[in-house]
Structures are given as C-alpha cells and as structure tokens.
Amino acid sequence: MAAEIQPQPQARKPCLLSKIEAFQEVVSSAVIIPREDGVISVSEDRAIRVWLKRDSGQYWPSVYHTLSSSCSCMSFNPETRRLSVGMDTGSICVTHQGRVTVVLFVLEMEWLLSTGQDKNFTWHCSESGQQLGTYRTAAWVSGLQFDVETRHAFVGDQSGQVTILKLEQDSCSLVTTFKGHTGNVTALCWDPAQRVLFSGSSDHSIIMWDIGGRKGTAIELQGHNDKVQGLCYASHTRQLISCSSDGGIVIWNMDVTRQETPEWLDSDSCQKCEQPFFWNFKQMWDSKKIGLRQHHCRKCGQAVCGKCSSKRSTIPLMGFEFEVRVCDSCHESITDEDRAPTATFHDSKHSIVYMHYEPTTGNLLTSGSDKVIKVWEQTFCTPGSQIKTSTVTFCGFTPYQGNFNSTQTVRFCFICLLLSMIKAPLTHSYPLCALCVSPVMFDYLSGHQPYKPP
557 MAAEIQPQPQ ARKPCLLSKI EAFQEVVSSA VIIPREDGVI SVSEDRAIRV WLKRDSGQYW
617 PSVYHTLSSS CSCMSFNPET RRLSVGMDTG SICVTHQGRV TVVLFVLEME WLLSTGQDKN
677 FTWHCSESGQ QLGTYRTAAW VSGLQFDVET RHAFVGDQSG QVTILKLEQD SCSLVTTFKG
737 HTGNVTALCW DPAQRVLFSG SSDHSIIMWD IGGRKGTAIE LQGHNDKVQG LCYASHTRQL
797 ISCSSDGGIV IWNMDVTRQE TPEWLDSDSC QKCEQPFFWN FKQMWDSKKI GLRQHHCRKC
857 GQAVCGKCSS KRSTIPLMGF EFEVRVCDSC HESITDEDRA PTATFHDSKH SIVYMHYEPT
917 TGNLLTSGSD KVIKVWEQTF CTPGSQIKTS TVTFCGFTPY QGNFNSTQTV RFCFICLLLS
977 MIKAPLTHSY PLCALCVSPV MFDYLSGHQP YKPP
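So for the sequence shown, my numbering puts the first residue at 557; every next one is plus one.
Structure (structure tokens):
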C-alpha cells in the first residue's frame, strides 16, 4: 500500500461532555478512571470522591471519604486501583513537614515518590511504607516525573530549574540541572518513547528538552498568555496538550520538525545599521548621534535597533505561535508556509488549576478555581493520523489483509492501535478497519470469547 501520512486536522474544537459542580472548595487534583465512566477527585475540603456517570449523563458521587486534612495532590494507578493522596499537613504516611505538592506511584518499582513545600523529595516502598531515600532541593518542588527504564527522576522547582536525579534503592545521585525558565516550573510531562521532557512555567512558556538525543537541545513553545498549569502528552497522535490559569488550552502538533530558538547576541551597536546603543558613549560621541534601545530578532538572535526590527511575524516551527519581533531581513525570508500554525487554541471558560488526559478514551479533564470539574469529549484529541490514499487494502497495525469499507480518507484503526490497552466494549464512533469492526473482534476485546483470526 502506498500512503502519505499527514498530521491530523487541527480544526476540531473541544466539546464539553460533562460538568461536576458539587464542591465547596477548589478541587486540587482529579483523574478519569480508565475503561469506566468515572472520575476520582480530591479537594481542599478534605474529601475524596468517586463520581460515576448515570444514564442521565450526569456524574453522581458514589464514594465519599473524608481525610484529616485538606488534600493537595494524588496519584492513581489503574492497574492496581491504588490511590495515593498527599495532604496539607505533609502526610501521605508521615513524610513531609509542609504541604505535599506532588505524589507519584511507580508500579514497576513499588515506589511512592513525593515532594513537599519543605523542599524534600522522598521515595518510599509502597508495600512496607519504609522511607528509602530523600533529596534536598534548592526550592520547593512543583513538578515531578519518573522514567522507569533508567530510574531517573525529573524534579522541577520554584527557582525555575529542572533537576535530574538517578535513583537507587536507598540513595540517589545528581545527574544534571536544566535552567531555561525565568519563572518557577509549574508542570512537567515525560514521553518515554521519544525520551523528551516538557516543562511549563509561570513565565508562560513551555520548553521541550531532548533527553534521548543527548545534544542539549531545548525548544521553546510560546502559546500561552498566563501561567502554564498542566501538561499532558498524547503519544498516539504526537500531540502535546497544555493549559494555563487563564483557561486557555493549547494542542501542539509535535509531529513536525521544530527548530531551536537562537541565543541572543551581545553587541554595543545595531548589527544591521551599526547605530550605537544608548550605553555606547564612545560611538555616540564620535558619530554625534543619540544612542538607541537594543532589541533582538527572535529568528536570528541578532541585536538590532527598533528601526531595523519594525516587523512582526509568527514563527510556529520555532515555537512562536504569537507574533514576535523579527528583523526586516528575516521577515522577508519568512514564507506563508513558514507561518502555518502548528497549534490550536481553545478556551475552557474557567481558570484551570489541574488537568488530566486519559489516553484510552482520549478524554480530557480540567479542574478550575471556580470549584468545577469539566470533562471534554474524546473528539477533542481524536487518536490516529490521517492517511490520504486512493487504495487502502490493509490495516497498518494488524497482519490481517482484509479490505477497508472505504477507499476514501481513513485513519489508522483505533482498536489495532490501542489493542493492548483496551479491554472494554467499544462503539463505532472510532475509525475501524474491516477486521476490527466485526462482532468477533468486539467479543474478543470485551473478554467474552477468545479471538480467532479469519
């Protein structure tokens, strides 16, 4: 089969599926329960709630449990259905001396990782509750991710830096520190397949750190007008989902070749017209000219004056989805194709404090300062990439050589792509190949009978 794979259209808008409003305080954290129409939430009112969707389409509390203190964060493992909750008092068990900021359960290691406002990063054995190790950070931690394969922990803190630690059973070692944000790190997201770390900050920016490439590449993404509050990565569509405290949700297409932003050059005069800047007294005296203010071109990084950088342009492949200052020569070199957006922007209509993405359904959950949880429809981030072809004869993810029902624009079969993750009945709202659309395959996925290839 000859096929041209192209990025999925970015014109889709988020469709609000449900709202959960029965809260007295702000919801600190919430997750969608995989393979069930349910949501788990923890909030400042000390309550853990499990919400199940009724036939009416509304979510109703099924389980209500009160803790001794306000809940600040949580980690839910769907395989073991184990829930770990951090509290204002510093407790998961008794671990921290201040509010717990992040808690993360690692099933493969049976470790429970946690950070607090006491600047301590600790890891415990989840079976015995014994503390295995601790590390003192420079500032209190607001973001935490873990790579199971290499046992590396990524720790983002309020000083704006990201620290990489190599964890052992009872000790850890400092690997390196990334410094790129001018504000505190507010969110981290790790993609183990591409070995890329995303960090969001209160400086409104996102940085993509290429860990696997080992070249020190850091690519900026500028698409928010307020503090970045959450980051999620949809690996099957290669899309990064980010949200900010002003309610903005941005979907970034990461299936494009992006360019690293250049470093800003230092100069005492404009590198285009050679006019002196206002601190260059000698040249001002010699040329009898008043010094100018220094600016920088976002495309080439050169130091230029305002007259030589009067133009503005978007540069999506360099992460600039909003118009930024460029020098006149760079502005002429930017084509309409270069200005093609690589991200879509949406308004959640509430100030987001937490976000969760469930890859098995493609649903997105946001929690806001308005004490409301919103669940967004799965078409918001539809799995799969489009294939434009005149003749499609087989599904790209199965050995089955059957025909598709259509020879027009189709997608990779959703079931084949997520076969290892889906163990529940499915509907025809997804693009399916001829094999997976059969009742035999549906029974297999539902666990009713073994699958027998045709």
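Glycine included, C-beta positions come from ideal geometry on N, C-alpha and C.
For TYR910, count neighbouring Cβ atoms within 10 angstroms of its own Cβ and tell me buried if that reaches 16, exposed if not.
-> Counting the other Cβ atoms within 10 Å of the Cβ of TYR910 gives 16 or more, which makes it buried.
Run of the beta strand (DSSP E) containing TRP765, from where it starts to where it stops = Its beta strand (DSSP E) spans residues 761-766.
What's the call for PRO955, buried or exposed, on a 16-neighbour Cβ count within 10 Å?
-> Low local confidence applies: a pLDDT of 38 at PRO955 is under 50, so the model's placement there is unreliable, with the coordinate-based value given in what follows. Under this definition PRO955 is an exposed residue.
Could you round the C-beta distance between GLY716 and HIS737 to whole angstroms and report it? I think they count as a contact, below 8 Å.
-> Taking the Cβ atoms as the reference, GLY716 lies roughly 4 Å from HIS737, within the contact range of under 8 Å.
Counted within 10 angstroms of its Cβ, other Cβ atoms place ALA709 as buried (16 or more) or exposed | By the neighbour-count rule (16 or more Cβ atoms within 10 Å), ALA709 is buried.
Fully enclosed by the segment 780-858, which beta strand (DSSP E) runs are 3 residues long or longer?
-> For the segment 780-858, whole beta strand (DSSP E) runs of length 3 or above, ordered along the chain, are 784-790, 795-800, 804-809.
Between the beta-carbon of THR916 and the beta-carbon of PRO590, is there less than 8 Å?
-> It is a contact, given that the beta carbons lie within the stated cut-off.
Among ALA899, ILE604, HIS852, ASP884, which residue has its Cα nearest to the Cα of GLY804?
-> It is ALA899 whose Cα lies nearest to the Cα of GLY804.
Backbone CA spacing between ALA749 and HIS792 [nearest angstrom] | Spanning the alpha carbons of ALA749 and HIS792 requires a straight line of approximately 11 Å.
Beta-carbon proximity list for GLU819, same chain, < 8 Å, skipping 5 on both sides = Once the five neighbours on either side are set aside, the close Cβ partners of GLU819 are GLY857.
Can you tell me whether CYS829 is buried or exposed, with buried defined as 16 or more other CB within 10 angstroms of its CB?
-> Around the beta carbon of CYS829, a 10 Å sphere encloses fewer than 16 other beta carbons of the protein chains shown; the residue is thus reported as exposed.
Grab the span of the beta strand (DSSP E) containing CYS728 for me, first residue to last.
-> Annotation for CYS728: the continuous beta strand (DSSP E) segment containing it runs 728-735.
From this set, SER798, CYS681, ASP747, TRP746, which residue's C-alpha is nearest GLU724's C-alpha?
-> It is CYS681 whose Cα lies nearest to the Cα of GLU724.
Span of the alpha helix (DSSP H) holding GLU888?
-> Going by DSSP, GLU888 is part of the alpha helix (DSSP H) stretching over 884-889.
Pick from SER755, ALA790, ARG814 that is closest to SER800, judged by C-alpha positions = Between SER800 and the set SER755, ALA790, ARG814, the nearest pair of CA atoms involves SER755.
For SER985, does the three-state DSSP call read helix, strand or coil?
-> Below a pLDDT of 50, predicted positions are generally treated as unreliable, and SER985, at 38, falls in that range; no measurement from the model is reported.
Can you name the start and end residues of the beta strand (DSSP E) that GLN717 belongs to?
-> Per DSSP, the continuous beta strand (DSSP E) segment holding GLN717 begins and ends at 717-723.
Please name the residue, chosen from GLY699, LEU668, ALA695, that lies closest to LEU688 on a Cα-to-Cα basis.
-> The shortest Cα separation from LEU688 among GLY699, LEU668, ALA695 belongs to LEU668.
DSSP on LYS1037, reduced to helix/strand/coil?
-> Beyond the ends of the chain as shown, which are 557 and 1010, falls residue 1037; an answer cannot be given.
In angstroms with no decimal places, state the Cα-to-Cα distance between LYS979 and ASP759.
-> Any answer about LYS979 is weak, because its pLDDT of 33 lies below 50 and its placement is not dependable; what the coordinates show is given next. Spanning the two alpha carbons is a distance of roughly 41 Å.
Classification of THR693 by the beta-carbon crowding that lies within 10 angstroms, buried from 16 upward = THR693 is buried by the Cβ-count criterion.
How about the segment 809-818 and the segment 869-879: do they share at least three Cβ pairs that are nearer than 8 Å?
-> Yes, since at least three Cβ pairs between the segment 809-818 and the segment 869-879 fall closer than 8 Å, the two stretches touch.
Beta bridge counterpart(s) of TRP746 as assigned by DSSP = Per DSSP, LEU753.
LEU639 - DSSP class collapsed to helix/strand/coil = Note: LEU639 maps to strand in three-state DSSP.
DSSP state of MET665 mapped onto helix, strand, coil = In the three-state reduction of the DSSP assignment, MET665 falls in the coil class.
Is LEU920 helix, strand or coil when you go by DSSP?
-> The answer is strand: DSSP assigns LEU920 an E or B state.
Same chain, Cβ closer than 8 Å to ASP842, neighbours up to 5 away in sequence not counted = Nothing meets the Cβ criterion.
Measure the C-alpha to C-alpha separation of THR1015 and TYR620 and round it to an integer number of angstroms.
-> This structure gives no information on residue 1015, because the portion of the chain shown stretches from 557 to 1010.
Run of the beta strand (DSSP E) containing GLY689, from where it starts to where it stops = According to the DSSP assignment, GLY689 belongs to the beta strand (DSSP E) that extends over 687-692.
When the Cα atoms are used, what is the spatial distance from CYS627 to GLN778?
-> Straight-line Cα distance between these residues: approximately 32 Å.
Tell me where the beta strand (DSSP E) around HIS906 begins and ends.
-> Element bounds for HIS906: n/a, residue is neither H nor E.
Going straight from the alpha carbon of ILE767 to that of VAL752, what length do you get?
-> Straight through space, the alpha carbons of VAL752 and ILE767 are spaced by roughly 5 Å.
Give the DSSP bridge partners of SER1019, in chain order.
-> Residue 1019 cannot be examined here, being either before or after the span of the chain that is shown, 557 to 1010.
Say whether the segment 656-671 touches the segment 624-644, bearing in mind that this needs 3 or more beta-carbon pairs closer than 8 Å, one atom from each stretch.
-> They touch, by the three-pair rule.
If you draw a straight line from the C-alpha of ASP824 to the C-alpha of SER869, how long is it?
-> Spanning the two alpha carbons is a distance of roughly 25 Å.
Any idea which residues DSSP pairs PRO617 with across the strands?
-> PRO617 pairs with TRP607.
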